[in-house]
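In the numbering used here, the protein residues as written are 1 to 209.
The C-beta atom is built at its ideal place from N, Cα and C for all residues, glycine as well.
Notes follow the structure.
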Amino acid sequence: MCLLPDKSIFCYGNHPGEGTAFILYPDSTVKQLSDGDPSGNMGAVYHDGFIYLFGGWNASGSPWNQAAKYELSTDKWYKICPLNENLSYVSCIPGNYGIAFVGAQSGKLYSYNHKQDIYNEIYFNFAINTHKILLQAENRVFLIESSKNIYESNSSQLSNWKIIGASQISYGSRAVYQVYFNQSCYFMDCDCKIYKFDMKSLQLKMNQA
């Protein structure tokens, strides 16, 4: 899922051929989207009038390299350039560099240039076969590996990362959209557990209600 500018939420899931996509509005109404068939465990992000989706599962439940975009104003889906490798459990963030994203299977961070429909590899040394989430608060960008390292970068230079700590928490297999509030980033995993990353202490904790 991902958060849209009007505070509605884009949701999607299941295997290709079985999935649905819809938008949940703040007034609790729901709109099911036409045509498109987004896969479960894709990464989704809003950018410049479109929802972009990367990776996910194929019909047999294996990672794949498909990507698509949905135009909110026309209710139409479009195929975009396939990924450089098969990825699922994808996390992504928008920015002036385009869209940055990372998947569980790869140690690479990619950027997608939506104007040229191309991908660039911008970092190479994250853990492979490990769940990861990208968090952004203004110009600070964090990548947290489940039960491994915590990295920090600047939104203007995502080719440079430094390890700033270690994550002692193993979060669920699909971390979803973030909320930034009071010097902390919050996110939720596929088990509906909520996590808090404190940007002052650089600690990741399961948030207590």
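Where residue i sits in the DSSP three-state scheme
{"i": "Q203", "result": "strand"}
{"i": "T130", "result": "coil"}
{"i": "K108", "result": "coil"}
{"i": "G103", "result": "coil"}
{"i": "Q157", "result": "strand"}
{"i": "P63", "result": "strand"}
{"i": "K193", "result": "coil"}
{"i": "I163", "result": "strand"}
{"i": "Y180", "result": "strand"}
{"i": "I53", "result": "Just to set this straight, residue 53 is Leu in the shown sequence, not Ile. Three-state result, L53: strand."}
{"i": "I80", "result": "coil"}
{"i": "E71", "result": "strand"}
{"i": "L33", "result": "coil"}
{"i": "M188", "result": "strand"}
{"i": "P94", "result": "strand"}
{"i": "G48", "result": "It is Asp, not Gly, that sits at residue 48 in the sequence shown. If DSSP states are grouped into helix, strand and coil, D48 belongs with coil."}
Residue i versus residue j: straight-line alpha-carbon distance, rounded
{"i": "F124", "j": "N182", "result": "31 Å"}
{"i": "C11", "j": "A100", "result": "20 Å"}
{"i": "G61", "j": "N129", "result": "16 Å"}
{"i": "S91", "j": "N113", "result": "16 Å"}
{"i": "S156", "j": "M188", "result": "26 Å"}
{"i": "C185", "j": "Q116", "result": "31 Å"}
{"i": "M42", "j": "W57", "result": "7 Å"}
{"i": "K162", "j": "N154", "result": "10 Å"}
{"i": "Y180", "j": "N207", "result": "14 Å"}
{"i": "F22", "j": "D191", "result": "20 Å"}
Within 8 Å, strictly: CB atoms of residue i and residue j
{"i": "K132", "j": "A166", "result": "no"}
{"i": "L202", "j": "I150", "result": "yes"}
{"i": "F126", "j": "E145", "result": "yes"}
{"i": "V141", "j": "I194", "result": "no"}
{"i": "K51", "j": "Y78", "result": "In the sequence as presented, Lys is not what sits at residue 51; that position holds Ile. Not in contact: I51 and Y78 (Cβ atoms no closer than 8 Å)."}
{"i": "L33", "j": "S8", "result": "no"}
{"i": "S88", "j": "G98", "result": "no"}
{"i": "S159", "j": "I118", "result": "no"}
Selected residue, minimal CA-CA separation from residue i, among the options
{"i": "N86", "options": "E71, G55, I93, G98", "result": "G55"}
{"i": "K148", "options": "W77, G107, G43", "result": "G107"}
{"i": "N120", "options": "K31, V102, L33, K193", "result": "V102"}
{"i": "P26", "options": "G43, L3, L135", "result": "L3"}
{"i": "M199", "options": "S73, C192, Q136", "result": "Q136"}
{"i": "Q168", "options": "F197, A59, S28", "result": "F197"}
{"i": "I80", "options": "S73, T74, L72, A68", "result": "A68"}
{"i": "N84", "options": "D6, Y46, N65", "result": "N65"}
{"i": "T74", "options": "G49, C192, V45", "result": "G49"}
{"i": "N96", "options": "K205, H47, M1, T29", "result": "H47"}
{"i": "K31", "options": "I164, L72, N139", "result": "L72"}
Which residues DSSP lists as bridging residue i, in chain order
{"i": "Q136", "result": "V141"}
{"i": "E121", "result": "Y110"}
{"i": "K148", "result": "For K148, which the question treats as bridged, DSSP gives no partner whatsoever."}
{"i": "D198", "result": "S184, Q203"}
CB contact check: residue i to chain C, cutoff 8 Å
{"i": "N120", "result": "No chain C is part of this structure, which consists of one protein chain only."}
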